[in-house]
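Report on the following structure.
Numbering (my numbering), first residue to last: 13 to 399.
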């Protein structure tokens, strides 16, 4: 029990109070199930059985999601942190300003494009926001956007970076594990929605700029496109390595990202040796950047790991109490075998939980609660919902 309390306290410090409240409610439901409404009530678990299930069952804290985070997610988070530390994040942002900075509302469009390109190398929306927002938000405010709109544009474009291949958010790996497909399949199906979402953001920012009668950036403030593009070509090599191994050679996600990370470290070292005349200085800069990248990767992974572990508490409570079976009965009675209503209920649940939960925890909770309901109602209505 002490371990669960420590996990909840870590969640409060790293993620925030909403996830702690939701997980605590499910734990209380597990223990006091006999006092719940009849339709979802159960006999109640003893403290020993509750703790034992949460710690030792494969569908609880140490279940599939936490295993996925160790096997796959950490490597991708590390890759993004190393590339960002080497200067990849700034390169993509400069390239975005060079491409669209002179357009109407250019800073907002550069923020969207830069966040999209940064999302290709980092699945963390927080890291994306920090990397790009530090530069884009002040420039957007300077050119006429309100601070609220500047923040909203940056956050929405950074959050969408989680669905931008090839390096997607942690939820993509959990999803692949849950439904039993390769990571490449998730990447393949996410590409078009990701592009559409950024086109929509681009269009909305353009309309906002028209409404406010905003102009683009001054030419002297916009980086030269050719020089900017050529200056960071070496950052594209590890990304191409990842895409080649993942898409064409069909290596597993872990092998692909491992070799891509190795290529990133070596390419960065080679670039430093070419750029610096002194070998010792070049090696020192490269070594310091690499160490900082590993530290950032570990720090970024803390939030992901804690969110997944706490989501496991919720999944464990659902599994140990038979709540999923009861929910099928409740939701079927509400939806009345209407698949459209059921899908809308799922969307509403995702949105409500998304107001307080990280993306990965949101997916784990909704998948554990709603996936079997969708399949069951779909089968009864003649629809097939692939898991």
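All residues carry an ideal CB built from backbone N, CA and C; glycine is no exception. Given the structure is predicted, the values throughout are model-derived calculations rather than measurements.
Scanning the region 318-378 from its first residue to its last, the whole alpha helix (DSSP H) runs of 4-plus residues come out as 335-347 and 351-366. Of the residues assessed, residue 367 falls on the exposed side of the cut-off, its CB having fewer than 16 other CB atoms within 10 angstroms. For the pair residue 226 and residue 126, the CB atoms are not nearer than the 8 Å cut-off. In the displayed model, residue 289 falls within coil according to three-state DSSP, outside both helix and strand.
Shown here, residue 246 sits in a helix according to DSSP, grouped into three states. A Cβ-Cβ distance of about 7 Å is found for the pair residue 172 and residue 131, placing them in contact under the 8 Å criterion. Between residue 325 and residue 39, the CB-CB gap stays under 8 Å. The C-alpha of residue 321 is placed about 14 Å away from the C-alpha of residue 380. In the structure shown, the three-state DSSP call for residue 278 is helix. In the DSSP assignment, residue 21 falls within the alpha helix (DSSP H) that extends over 14-26. Between residue 79 and residue 135 the beta-carbon gap is near 18 Å, outside 8 Å, which marks them as no contact. In the displayed model, residue 69 falls within coil according to three-state DSSP, outside both helix and strand.
The region 267-276 and the region 237-256 touch, with three or more beta-carbon pairs separated by less than 8 Å. Here residue 212 is exposed: its Cβ has fewer than 16 other Cβ atoms, across all protein chains shown, within 10 Å.
The continuous alpha helix (DSSP H) containing residue 131 extends over residues 118-131. Judged by DSSP secondary structure, residue 114 falls outside any alpha helix (DSSP H); it is assigned neither H nor E. No Cβ-Cβ contact shorter than 8 Å links residue 342 with residue 361.
Apart from sequence neighbours up to five positions away, the residues of its chain that approach residue 99 with a beta-carbon distance below 8 Å are 244 and 247, ordered along the chain.
Annotation: the continuous alpha helix (DSSP H) that includes residue 140 extends over 137-154. Between the region 191-206 and the region 165-181, the count of C-beta pairs closer than 8 Å reaches three or more; the two stretches touch. Remark: C-beta atoms of residue 297 and residue 288 approach each other more closely than 8 Å.
The DSSP-derived three-state label of residue 79 is helix.
Cβ neighbours of residue 188 within its own chain (closer than 6 Å, five residues either side excluded): 195 and 198. Residue 194 sits in coil when the DSSP states are folded into three classes, being neither helix nor strand. For residue 160, the enclosing alpha helix (DSSP H) covers residues 159-171. Annotated as proximal: residue 265 and residue 84, with beta-carbon spacing under 8 Å. When the beta-carbon positions are compared, residue 143 and residue 96 come within less than 8 Å of each other.
Judged by their CB atoms, residue 317 and residue 351 are not nearer to each other than the 8 Å cut-off. Taking a 10 Å sphere around the C-beta of residue 44, we find fewer than 16 other C-beta atoms and assign the residue as exposed.
Going by C-alpha positions, residue 315 is about 32 Å away from residue 260.
DSSP places residue 264 outside any alpha helix (DSSP H), giving it a letter other than H or E.
Annotation for residue 92: the continuous alpha helix (DSSP H) segment containing it runs 86-98.
Secondary structure at residue 104: helix, using DSSP grouped into helix, strand and coil. A residue is called buried when at least 16 other Cβ atoms come within 10 angstroms of its Cβ; residue 312 meets this threshold and is buried.
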